[in-house]
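Worksheet: the structure to be examined is printed underneath.
Protein chains: 2
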Amino acid sequence: MSLAKSYLMLSGAILSLLAGSVSARADEGMWTFDHLPKAALQKNYGFQPDAAWIQHVVQSSARLAEGCSASFVSADGLVMTNHHCANSCLSALSDKTHDYFRDGFHTQSLAEERQCPGMELDRLDGITDVSSQVAQATKGRQGAAYNAAVQEVESRLTKACAAGDAEHWRCDMVALYHGGQTALYRYRRYKDVRVVMAPEQDIAFFGGDPDNFNYPRYDIDLSMLRVYEDGKPVHTPFLQFDPKGPKAGDLVFTSGNPGRTQRGLPAAALAFQRDIANPAIIDIFSVREGMLWQYARESAEHARQAEDTLFGVQNALKSYSGTEAALRSSDIVAQRAKEDAALQAWIDADPARRAEYGQPFAVVDKAIGVQKDLFARNLALHMALHGLAGDAMTLVEGARERAKPDAKRHAGYHDAQLGEIETELAASEPVYPELETASLALALTSLRQILGADDPLVRTALGNDSPDAVAARLVKETRLADPAIRTALWHGGQAAIDKATDPMVIFARTLFPAYDALRERMLNEVSAPLHKAEGDIARARFAQAQAAGRLDAIYPDATFSPRLSFGTVQGWRQDGADIPPFTDFAGMYRHATGSEPFALPKRWLDAKARLDLSTHLDFVSTNDIVGGNSGSPVLDRQGHAVGLIFDGNLPSLAGDLYYDIGSNRAVSTDTSAIIAALRTVYAEPALADELVRGHR
Amino acid sequence: MSLAKSYLMLSGAILSLLAGSVSARADEGMWTFDHLPKAALQKNYGFQPDAAWIQHVVQSSARLAEGCSASFVSADGLVMTNHHCANSCLSALSDKTHDYFRDGFHTQSLAEERQCPGMELDRLDGITDVSSQVAQATKGRQGAAYNAAVQEVESRLTKACAAGDAEHWRCDMVALYHGGQTALYRYRRYKDVRVVMAPEQDIAFFGGDPDNFNYPRYDIDLSMLRVYEDGKPVHTPFLQFDPKGPKAGDLVFTSGNPGRTQRGLPAAALAFQRDIANPAIIDIFSVREGMLWQYARESAEHARQAEDTLFGVQNALKSYSGTEAALRSSDIVAQRAKEDAALQAWIDADPARRAEYGQPFAVVDKAIGVQKDLFARNLALHMALHGLAGDAMTLVEGARERAKPDAKRHAGYHDAQLGEIETELAASEPVYPELETASLALALTSLRQILGADDPLVRTALGNDSPDAVAARLVKETRLADPAIRTALWHGGQAAIDKATDPMVIFARTLFPAYDALRERMLNEVSAPLHKAEGDIARARFAQAQAAGRLDAIYPDATFSPRLSFGTVQGWRQDGADIPPFTDFAGMYRHATGSEPFALPKRWLDAKARLDLSTHLDFVSTNDIVGGNSGSPVLDRQGHAVGLIFDGNLPSLAGDLYYDIGSNRAVSTDTSAIIAALRTVYAEPALADELVRGHR
């Protein structure tokens, strides 16, 4: 799976967790370009990036608004990113006679390059620390007045920054260190992005799900785009493309936009994930995987129905299992406990700090205690509220929430969000009754297994029937598969819900009191105190570093804004074996069994004799990346592009929570493979020349 | 699930682990009757069992050779044990016109009591410490000479003990503390055991798998047997049956035969189970559960085919998950690490001890390191070698092993064990091709997921095909489903295997080198050093306690021989809620939805109005029990029977490894429920009177 997708997946998880930032260790860190760890780089690598180097990297890097990173690789607006970052574009351009996933996308001239609908690319222009403006504007304000002041200053600063030209400039106020620092990020905004080249899906995602997050890998997860303005390619700074790729042991950088991390979680929250949350999620998802796997085997039609869901479940399982295995094999919890204690001691040592930050770790402990009691119940209930049962609960909950003033509603039901719900309810996504029944029956079986048959919630859900009988009856008799019915019930509000006779709506209505009570406890006793403590901890860490004059030794949690990470090209040791850093074309051909997902495209089979099989294909490095870094360029000391980030290894999945140099590895496609593919496999010498030359 | 069954299940697990014994904490311990913790009982409960009390309990207790415990409850040979301990008897006696599981078994006179085929009951008569005889006989001997000496002394002592009357006496030499102490256990042996009464399976195992290992429970897991000699009921000491049952907070004892524990595992081995082994097993079994669950939903025929396997998988999952949750929520690993360090320090403090015990924990660390590297591979491979693929590997391995001298063969292939293999290969167990294919395909999919597509073992297993294609072809084309073919291949030896063209045999033959190499490493680098270290640690602990004169503060690992445990009737706290110690008939009726497995037998529905619904049904106590304790009587201070052990709660599943008074609970049927059932539900006043009166 791509980093972008896995990030989305993880961010959608129902866990309620914390965030913060801690001191960085060797090669750890996603650094803002205005606070690079120059001392550490000098000490560990004898390298000191100067202002020109930094500015060049910043201006050659880019962010795709959909959730990826990218880089300019020629003076004529050519952009390199991942294949999976262009998925929506290739999908939109494909039609009955063109399947650009299967066949790839190729152009011979600018005229053939086609605009990607809705794609936006942003290029960082500058960073301004606006902490003092924000502090001044919010000084002495609390609660609603504080929020209003923040909104006012944000609106004022971002408007001034875009200078009335929102078409070309985008300005984001970014809260770093959970509000310890605030920066204004100004981007040059490009909305005419065209696809130039994409290989076949079968080489871009060669190995499919079995290889996903694993290494060795053999993928060319590449797409080439071109940015236009006024109908012509733009001219910007760009990264010189090095067709030789990196060597083992090289210092390399990644310039990208990591999406979200929680690097400062207190030890108690990490232990909760390791001991309670992840195991429970892995168990329940594993059973679901087995169910879907067998469902898909029953017929070609069932395989088609279950494909997406099965892929999603397997992907989530890899994420959670990878994180869990890493957490278990690491001493991060014990380390963090010491850091937590040290921070609390620093707070306690000063009355002003005590007043400012209080006892956030005690707050965390208490909230986690409640979460331990509620987690399994919450998980099991939410697993049952998927599909049509989920729609039914949205209708029931939505009716109640919309009756409240906007400010008092639960997250997801604010006026600004209703359109999204309505679009989803009105969408004609197919409903497969057999799959729907199997899913609901399994979820209800798990609910009963987890909570016990006598639990009031289980009794409410099942009455005196078996999970299978309840699911079969609900799916058979409900009419919620019809978008018109869903929409009518939505617009009918509380009155329509109250008098609905649809059995799935009745099911949701009956469960609602228990669902609502549980959510209230999760919000009031878990999420809210954790969120408050999260901010206090992160701000205390920032203040401590600032007071000690060592801001370049800490980095803020990821915020999907431009960051630089550094590391070296090197393998790691796993299960008693050394995993080497590079793969090559020879390995790729050995890896190809001919059966999906290990079937190479015909062009690759045909090209075998013409390729230098020792050419490096993919490599791993110690760079600290997470989802959102997909498409990031890998740079050498000269700032030349030597690779293209597209994944992490399995242990890197814990990168959300912490970085472990022993096992966490970023996975890139080597630029030497890209050049060989363009020249030898795809016969696109012009594009290859543009990369090597730096212009068309 | 019953304790007896769960024990069998766990003992069949492929984990290679250690055993030992550590100092007991409050209520912990499975004590031999000749070393009861009298000081602790006096201190904690103000109770001192005298010699008469002990002898009475010993002589009223019994062991069923199949793997259960029992007790005499009248002067006329009446025996109380669990329903699930009489499963094989009820099954053997049932026929086309009698279903004693569905309907129960009832008698009105001695003449109607029917002999249970093959059932043997043993009653402990005496214990003799023979450590010095064993030490003398083995003095100065090593290796084969040592083993021969042990065999010689065992044969001599047990023969003398049975005094030439093996029909009536059974003598077992029991190695306690892994050889730190050896005792001779003499049992009176009874081979005419008849069934007197058994309730319906639907009340004996009410709640089925969903309730299994959970609590609150509502089961009457009872069967009444009677022991005969010379065609008449025997007269033995017996426990007075107390029809009132216990009260909350009462001190209670269990007298039974715990099967096997590993209470002395070093911290490294516990951590390995917690962090590596259990999670991997739970993951792979969970996926299998989901597959089987869906397979069973496909048709009534599939449900029938998958039923046993699904139940077995769910039961194993509960065992492992319960153990895992307990390990995660406990500080046992940290505690044990301190105990390990202290024991090593004690060893190190004396040259003689250093020579005797060495550095066993360092040996463990090294072996566990290798096991970490091999575990996932070993697990995934063994999951694939089930069913017909497993038979094929048995044939391939068996041919090779039988060509060796007996002493050099691997475990399972010694001459004395070949009959068992031959019986299994010749058995006409049905093979369901669809289920067989699904199982193998899933196992091969997991193998590829876990090891990666490029792993040589995976390449050997799959070639260039998908897991599904390989499994479908093998199951379709093999003839191993035919017992005659399997038997012929077995008897054909290596020559038959070498020239076999059956694709499943070829599959096993091809995998054999990798399988064999892996097994050799597991044996030589993991099991053998762990086993050696296990003995050293256990013997060192025993010697340390002996030297300190505190043998009554430690207890040996369970050995399926008579033990006494003690504790109090009390609930526990779970997920923020207090679980009360008792259930009652009112709860049972509330629990009954009418759908299986929550459907009560008709007799119970009819009797509702006549029953006192506040009668206690089941209860939990802190007694330290494990599998093998099924059927143990629960006794009060007077030595009266107040309950009947039949299960443990979920946290008790970690009882194999350690005892945690905070959550580990034994689950019993209350004697007050037994009396009410006999009098009011089953109208068996004579049997009830015999219990209360103590004779017919």
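One line per chain: the protein sequences are A and B, in this order.
So in full-length UniProt numbering, spot 82 of the first sequence is number 82, and the numbers just go up one at a time.
So in full-length UniProt numbering, spot 336 of the second sequence is number 336, and the numbers just go up one at a time.
Ideal Cβ positions, reconstructed from N, Cα and C, are used throughout, including at glycine.
Owing to the predicted nature of the structure, the values given are computational and were not obtained by experimental measurement.
Item to check | Beta-carbon contacts of P483(A) that lie in its chain and below 6 Å, excluding the five residues immediately before and after | outcome: A426 and S428
Item to check | C-alpha distance - D618(B) paired with F375(A), whole-angstrom precision | outcome: 28 Å
Checklist entry - Nearest-angstrom Cα distance between R188(A) and F542(A)? => result 29 Å
Checklist entry - Buried or exposed: where does P601(B) fall if 16 or more other Cβ atoms within 10 Å of its Cβ makes it buried? => result buried
Checklist entry - N214(B) versus chain A: which residues are under 7 Å apart at the beta carbon? => result G452
Item to check | Beta-carbon neighbours of D242(A), restricted to chain B and to distances below 8 Å | outcome: Near D242(A) there are no residues of chain B at all, since even the closest Cβ is about 28 Å away, more than 8 Å.
Next on the checklist: Assuming the contact rule is C-beta atoms closer than 8 Å, V458(A) and L447(A) should be a hit. Round their C-beta distance to whole Å, please.
Outcome noted: 6 Å
Item to check | At least three beta-carbon pairs within less than 8 Å, the stretch 653 to 663 of chain B to the stretch 214 to 222 of chain B | outcome: no
Item to check | First through last residue of the alpha helix (DSSP H) which encompasses E397(B) | outcome: G387 to R402
Item to check | At least three beta-carbon pairs within less than 8 Å, the stretch 331 to 344 of chain A to the stretch 261 to 270 of chain A | outcome: yes
Item to check | 7 Å CB neighbourhood of R400(A) in its chain, flanking five on each side removed | outcome: Q494
Checklist entry - Would a check of beta-carbon distances place M291(B) closer than 7 Å to chain A? => result yes
Item to check | Length of the line joining the Cα atoms of R359(B) and P49(B) | outcome: The question names Arg, but residue 359(B) is Gln in the sequence shown. Spanning the two alpha carbons is a distance of roughly 40 Å.
Checklist entry - Contact between the stretch 225 to 241 of chain A and the stretch 298 to 311 of chain A: three or more CB pairs below 8 Å? => result no
Checklist entry - Below 7 Å between beta carbons: does that hold for G535(A) and H106(A)? => result no
Checklist entry - Alpha carbon to alpha carbon, how far is L511(B) from G290(A)? => result 25 Å
Checklist entry - Using a Cβ-Cβ distance under 7 Å, would D331(B) count as near chain A? => result no
Checklist entry - Where do the ends of the alpha helix (DSSP H) carrying V363(A) lie? => result P360 to A384
Next on the checklist: Could you compute how far the alpha carbon of D283(A) sits from the alpha carbon of R679(B)?
Outcome noted: 45 Å
Item to check | Touch test, the stretch 196 to 213 of chain B against the stretch 596 to 611 of chain B, Cβ-Cβ under 8 Å, three pairs minimum | outcome: yes
Checklist entry - Shorter than 7 Å from the beta carbon of P210(A) to some beta carbon of chain B? => result yes
Item to check | Whole-angstrom distance between A345(A) and G29(A), CA atom to CA atom | outcome: 25 Å
Checklist entry - To the nearest whole angstrom, what separates the beta carbons of L343(B) and Q544(B), a pair I think is in contact under 8 Å? => result 7 Å
Checklist entry - Are D647(A) and V667(A) close, meaning C-beta to C-beta below 7 Å? => result yes
Checklist entry - G662(B) CB to nearest chain A CB: under 7 Å? => result no
Next on the checklist: Give me, in chain order, the residues of the same chain whose beta-carbon lies closer than 8 Å to that of D103(B); leave out the 5 immediate sequence neighbours on both sides.
Outcome noted: E200
Checklist entry - Excluding the five sequence neighbours on either side, which residues of its own chain have a C-beta within less than 7 Å of the C-beta of G694(A), listed in chain order? => result S74, A75, F238 and Q240
Item to check | Below-7 Å beta-carbon distance, G639(B) vs any chain A residue | outcome: no
Checklist entry - Would you call the stretch 378 to 388 of chain A and the stretch 470 to 484 of chain A touching, i.e. three or more CB-CB distances under 8 Å? => result yes
Next on the checklist: So, for A676(B): in the same chain, excluding its five sequence neighbours on each side, which residues have a beta-carbon less than 8 Å away from its beta-carbon?
Outcome noted: F585, L611, D612 and T615
Checklist entry - Run through DSSP, which three-state label would Y228(B) get? => result strand
Next on the checklist: Within the continuous beta strand (DSSP E) that includes H616(A), where are the two ends?
Outcome noted: H616 to S621
Checklist entry - By DSSP, does G208(B) sit in helix, in strand, or in coil? => result helix
Item to check | the stretch 590 to 619 of chain A: positions lying closer than 8 Å to chain B by Cβ | outcome: R590, H591, T593, G594, S595, E596 and F598
Checklist entry - Cα-Cα, which of D465(A), R328(A) and Q42(A) is closest to Y658(A)? => result R328(A)
Item to check | Own chain residues within Cβ distance below 7 Å of T309(B), not counting five before or after | outcome: L292
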